[in-house]
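Student: Pasting in a structure now, in structure tokens, and then I'll have a few things to ask.
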Amino acid sequence: MDQWEQRTRTPLLVLAVVFAVAYAVPVLAPDAPGWAHTACRAAEWAVWAAFAGDYVTRLLLAPLRWAFVRSHPLDLLAVVLPLVQPLRLLRLVSTLLLVGRRARHAPQITMTVYVAGAVVGLMMFGSLAVLQVERDAPSGNIRTIGDAVWWSFTTMTTVGYGDLAPTTGLGRLLAVGLMLSGIALLGVVTANIAAWFISRFDRDNAEGRKQTALLEALTAEVTALRAEVAGLAGASGPEAPKVPGPSSAGPCAHGPERGPG
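According to the numbering used here, the residues represented by the sequence shown are 11 to 271, in order.
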């Protein structure tokens, strides 16, 4: 199953980009020809079908299938959700869930890139979704893509100026989703920044402790070398001259011997 996930990760991410284009065209160009809308809807369902086939394949390759289902509830929800009601917004939510699950486990994607991509993706799709829902609302005030992007940005950052706000039930549901997503992403960013500072301080402290230990070891070595040099100098120095005593005097100690007579 790991090999399958590694081989299909990049194609599925490419299909997610195709889904983004297919979702955005009818929203940004509602007056496009009918065949363009039909092609976009077909592309959306094709991408969803690819992700659903990926889930089924991983389920068949899993050694414990029931354990796989229990450990991947969001994947199952994303596959089943568009079948509950043929609403484009549900296909959008399911595709975001599936892309996020697969991209998060990619080894070459760091947390910073993942968070940045999640922010951009949520803002883009949130803007398109709220524009689609609120543009034709009788009392709606989000009429252009610029208004939708500004509303998504203020909502995700939990600023909420109140100059633009959804008036339909589905639009308010989108606002709740963006608020919760924005709070979660801000929490991840804050946690990453705090973890970076803590790791930097720990690395600096570890380097300082290492340098202190090296200095202590060097000081101990110098002290030992000094003691050894002092010992060698004392052992090889000039010995004090010995003064012979009376008992050790030789035959010439009392002058020359005199013969008889």
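Even glycine gets a Cβ: it sits at the ideal position worked out from N, Cα and C.
(1) Could you spell out where the alpha helix (DSSP H) holding Arg80 opens and where it closes?
(2) Given Thr177, which residues of its chain have a CB within under 6 Å of its CB, disregarding the five upstream and five downstream residues?
(3) So what's Val169 in DSSP terms, helix, strand or just coil?
(4) Looking at Phe163 and Tyr33, is the spacing between their C-beta atoms short of 9 Å?
(5) Is Ser137 helix, strand or coil by DSSP?
(6) Measure the alpha-carbon distance for Ala205 versus Ala158 and round it to whole angstroms.
(7) Using CA coordinates, which residue listed in Gly156, Thr200, Ala30 and Gly181 is at the minimum distance from Trp58?
(8) Would you check if the distance between the CB atom of Thr167 and the CB atom of Gly131 is smaller than 9 Å?
(9) For Asn215 and Leu195, what's the separation of their Cα atoms in angstroms?
(10) What does the alpha-carbon distance come out to for the pair Lys220 and Arg75?
(11) Exposed or buried, Tyr171, counting other C-beta atoms within 10 Å across all chains shown (16 or more means buried)?
(12) Would you call Gln13 buried or exposed, if buried means 16 or more other Cβ atoms sit within 10 Å of its Cβ?
(13) Three-state secondary structure (DSSP) at Pro40?
(14) By the three-class DSSP mapping on this structure, what secondary structure does Gly174 have?
(15) For Asp146, which of helix, strand or coil comes out of DSSP?
(16) Could you tell me the distance, in whole angstroms, from the CA atom of Val199 to the CA atom of Val37?
Tutor: According to the data block:
(1) Its alpha helix (DSSP H) spans residues Arg75 to Ser81.
(2) Cβ neighbours of Thr177 beyond the five flanking positions: Ala147, Ser149 and Gly150.
(3) coil
(4) no
(5) helix
(6) 34 Å
(7) Ala30
(8) Taking 9 Å as the Cβ cut-off, Thr167 and Gly131 do not qualify as a contacting pair.
(9) 30 Å
(10) Rounded to whole angstroms, Lys220 to Arg75 spans 50 Å at the Cα level.
(11) exposed
(12) exposed
(13) coil
(14) For clarity, residue 174 is Leu in the given sequence; the question names Gly instead. If DSSP states are grouped into helix, strand and coil, Leu174 belongs with coil.
(15) coil
(16) 31 Å
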